[in-house]
Amino acid sequence: MRLKNQKKIEELNQTIISTGRTKEATLSEYLTRKTILERYIKEIKIVQEKQAWIQEQIRETQELIEALEKDEAQLRQNYQKTIFELSKQENQPKNATANLLAIDSWNDVNQKKNNLTQYERTRREQLNAIAATVKKLTERKKQLAELEQLRQATEQSLKSNIAFEMQQRKELDLRVKELQKREKDFIERKEALERFNKSITREIDNILAARGADWNNSKTNAIAAVPQPEAVNAVRNKTTTAKSAGKAAETRPQYSGAAKATPTGSIRNNVFAENKSLLPWPVDKYNLIASRFGIHNYPGISNIEIENLGIDILTMRNEPVRSVFDGVVTVVSQDPDMGWVVIVQHDDYLCIYARLQNVAVKVGSRVKARAVLGTVGLNRDGYPMLQFQIWKNRQSLNPEDWLAKNTDN
0 MRLKNQKKIE ELNQTIISTG RTKEATLSEY LTRKTILERY IKEIKIVQEK
50 QAWIQEQIRE TQELIEALEK DEAQLRQNYQ KTIFELSKQE NQPKNATANL
100 LAIDSWNDVN QKKNNLTQYE RTRREQLNAI AATVKKLTER KKQLAELEQL
150 RQATEQSLKS NIAFEMQQRK ELDLRVKELQ KREKDFIERK EALERFNKSI
200 TREIDNILAA RGADWNNSKT NAIAAVPQPE AVNAVRNKTT TAKSAGKAAE
250 TRPQYSGAAK ATPTGSIRNN VFAENKSLLP WPVDKYNLIA SRFGIHNYPG
300 ISNIEIENLG IDILTMRNEP VRSVFDGVVT VVSQDPDMGW VVIVQHDDYL
350 CIYARLQNVA VKVGSRVKAR AVLGTVGLNR DGYPMLQFQI WKNRQSLNPE
400 DWLAKNTDN
């Protein structure tokens, strides 16, 4: 457990080093540090719970040792009594005449013989009981020593995590102060995200209209023939990617920290709705979810709210983006702020992959789970960040409820 926690700490420290290479504060760096801090807080809670468990184990083991020591003392006392009684029997007169005189009746002969046999059996049993108790005592004392070592190691780990947490809180406070001066940038981000959300809603409207779906109570399960959206035609006339993405690629560092394989999931069957919490992640390697689903405030600026219709996954540069389930590609388009966008339809459900730097599929393509759709692009801060959404008809869903569970996020 300790080695596993230490490995996590090293990975997170590597992430901090990688994300801290830019001189000025960025929103992506802030979100990365914030998520890492959340991990450490979670880690601290785990260590504290483990510490409490260890203390309880130490207390119980100490009580057990005390009880075993009392048992051993009592067993030795009983053994001494048995030896004393046995010695009295053995010290009876030895010659035949004396023995005859000492015996009240011939029945006493068998009685005394039985008594000696019983004392000998009791002595052996007591010796065995003492040996077993001593063995238990030795094992418990060894366990107590190991628990004490574990307690010391856990205490050191807890101190280290708390020190790191305090350091990260200070770093976050500094970032917030710097980011508060960039309210104009946040307003631009908010407007860009709102434009993207509206464009996604229009694309979904087009898809559902083409299917003739009832948005409130869709009963169809067959994937209909998909028309090519107008957005795709518009893309054919575009020859450049979003200016903001291009600028970010030139001026920002590209993330290259330690990566970890994502949960691959375990798809149950070919019905999307029955695979909740089982879907594989859309990238093979990742570090963390930088921005979660729902409505959020920008750091330090409470009057600017944004709505994330999906999650933003910080991953590796040039990482392949994969379909999470079998489906049909219904949209391949470009967004001025979010780069290439791919929408894959799975019956009543739609998965949206945004901020791709290139695509490997076209409208109408049938794709299998884990098929490559393209590669991840950079956000405006220069971080490789995939925007991933799941919709059921016109309702956006939290992707974290659908992807295979991961303990690190």
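Under our numbering, think of the first position of the sequence shown as 0, with each following residue one higher. Heads up, the beta-carbon is just placed ideally off N, CA and C, and yes, glycines get one too. Here the structure is a predicted model, which is why all the values come from computation and not from measurement.
Annotation: N274 is outside any beta strand (DSSP E) and is labelled neither H nor E by DSSP.
Per DSSP, the unbroken beta strand (DSSP E) holding R321 starts and ends at 319-321.
The DSSP-derived three-state label of N392 is coil. For the pair of segments examined, the stretch 57-64 was found not to touch the stretch 159-175: the number of CB pairs separated by less than 8 angstroms stays below three.
When the alpha-carbon of R393 is set against those of Y348, T31, R32, Q73, the nearest one is in Y348. In this chain, D347 is not harboured by any beta strand (DSSP E), its DSSP state being neither H nor E.
For L207, the uninterrupted alpha helix (DSSP H) segment begins and ends at 182-210.
Our two residues, V366 and T329, have alpha carbons roughly 11 angstroms apart in a direct line. Taking the CA atoms as reference points, A208 sits about 15 angstroms from I342. One alpha carbon belongs to A289, the other to L171, and they sit about 14 angstroms apart.
For G363, there is no enclosing beta strand (DSSP E), as DSSP marks it with neither H nor E. Each residue's CA atom was taken as its position, placing F83 and I45 some 57 angstroms apart. Contact fails between the stretch 315-330 and the stretch 177-191, because fewer than three Cβ pairs, one in each stretch, are under 8 angstroms apart.
For L67, the CB contacts under 8 angstroms within the same chain, skipping 5 residues up- and downstream, are T132, K135, L136, R139 in chain order. With respect to the 8 angstroms criterion, Q386 and G309 are classified as neighbours on the basis of their beta carbons. For T329, the enclosing beta strand (DSSP E) covers residues 326-334.
The beta-carbon distance between T31 and L313, rounded to whole angstroms, is 6 angstroms. This is short enough to meet the 8 angstroms contact definition. Linking P383 to W280 through their CA atoms gives a straight-line distance of about 16 angstroms.
Per DSSP, I312 is one residue of the beta strand (DSSP E) stretching across 310-314. Using a 10 angstroms sphere on the CB of N274, the tally of other CB atoms reaches 16 or more, which defines it as buried. If you compare the alpha carbons of I129, Q117, L26 with that of E71, the shortest gap goes to I129. For the pair A353 and V362, the CB atoms are not nearer than the 8 angstroms cut-off. Each residue's CA atom was taken as its position, placing A359 and L372 some 5 angstroms apart.
One Cα belongs to Y29, the other to G381, and the distance between them is close to 13 angstroms. Excluding sequence positions up to five before and after T374, its CB lies within less than 7 angstroms of the CB of N317, E318, P319, V320, L355, Q356, N357, all in the same chain and listed in chain order.
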